[in-house]
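Let me begin by presenting the structure, written as structure tokens, before commenting on it.
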Amino acid sequence: MQIKVVAVGKLKERFWQAGVDEYLKRLKSYAKVEIIEVEDEKCPEAYSVAQALQVKQREGQRIIKAVGLGSFVIALHLTGKEFTSEGFAAYLDDLALNSRSHVTFIIGGSLGLANEVLERADLHLVFSRFTLPHQLIRVVLLEQLYRACKISRNEPYHK
Numbered sequence: 300m301q302i303k304v305v306a307v308g309k310l311k312e313r314f315w316q317a318g319v320d321e322y323l324k325r326l327k328s329y330a331k332v333e334i335i336e337v338e339d340e341k342c343p344e345a346y347s348v349a350q351a352l353q354v355k356q357r358e359g360q361r362i363i364k365a366v367g368l369g370s371f372v373i374a375l376h377l378t379g380k381e382f383t384s385e386g387f388a389a390y391l392d393d394l395a396l397n398s399r400s401h402v403t404f405i406i407g408g409s410l411g412l413a414n415e416v417l418e419r420a421d422l423h424l425v426f427s428r429f430t431l432p433h434q435l436i437r438v439v440l441l442e443q444l445y446r447a448c449k450i451s452r453n454e455p456y457h458k
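What follows is the structure in structure tokens.
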């Protein structure tokens, strides 16, 4: 499986990057994983609805450009579908069995995703109904991908 993660913004804190690096290392024997960081838009602390929309649209244009063609797109979004770890593993297995082995996950910025990005997505996925920092969700996504790979191969880890 070839997995691309398109994420808004760079990881600035070393502890987030350390988590990402650890799971990328673990995933190497299961899948080709590429992370593409797109620039985040600057937004004032107190912003209007119009400013928020503009920020999301600009980030959305960068995201769409990074996604490219031919990939099954999964957008991480609060209104998305929830899975158990086993269900997520089965879903990814089903994609691979149906010739959808190029999968792109999208992680938005602090204001979320533009409507154009959500419309481009084949699936909306949520890991929690809690609002989580987009830096943390990158680590959570990679951990769940690693867990799914272990589950799919019946290897110990997911207990």
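Residue numbering for the sequence shown follows the numbering used here, starting at 300 and increasing by one per position.
Don't be surprised by glycine CBs; every beta carbon is placed ideally from N, CA and C.
Looking at the DSSP output, Val-439 sits in no beta bridge, so it has no partner there.
Linking Phe-426 to Lys-449 through their CA atoms gives a straight-line distance of about 18 Å. Leu-440 has its alpha-carbon roughly 9 Å from the corresponding atom of Val-319. The beta-carbon separation of Gly-308 and His-401, rounded to 24 Å, does not stay under the 8 Å limit for a contact. Note on geometry: alpha-carbon atoms of Phe-404 and Arg-313 lie some 22 Å from one another.
Between the segment 340 to 347 and the segment 362 to 378 there are fewer than three inter-stretch CB-CB distances shorter than 8 Å, so the stretches are not counted as touching. A Cβ-Cβ distance of about 4 Å is found for the pair Ala-447 and Ala-388, placing them in contact under the 8 Å criterion.
For secondary structure counted as the beta strand (DSSP E) over 3 or more consecutive residues, the segment 353 to 377 holds no complete run. By the 16-neighbour rule on beta-carbons within 10 angstroms, Glu-358 is buried.
Per the C-alpha coordinates, the member of Ser-451, Leu-417, Val-305, Trp-315 positioned closest to Gly-386 is Ser-451. Taken in chain order, the complete beta strand (DSSP E) segments of 3 residues or longer contained in the segment 389 to 418 are 401 to 406. Going by DSSP, Val-332 is part of the beta strand (DSSP E) stretching over 331 to 337.
Counted as a single uninterrupted DSSP element, the stretch harbouring Lys-311 is not any alpha helix (DSSP H), since DSSP gives it neither H nor E. Between the C-alpha atoms of Val-366 and Leu-435 there is a straight-line separation of about 21 Å. Excluding five sequence positions before and after Thr-430, the CB atoms of its chain that fall closer than 8 Å to its own CB belong to Leu-377, given in chain order. Contact annotation: Leu-417 and Lys-380 have beta-carbon atoms that are not nearer than 8 Å.
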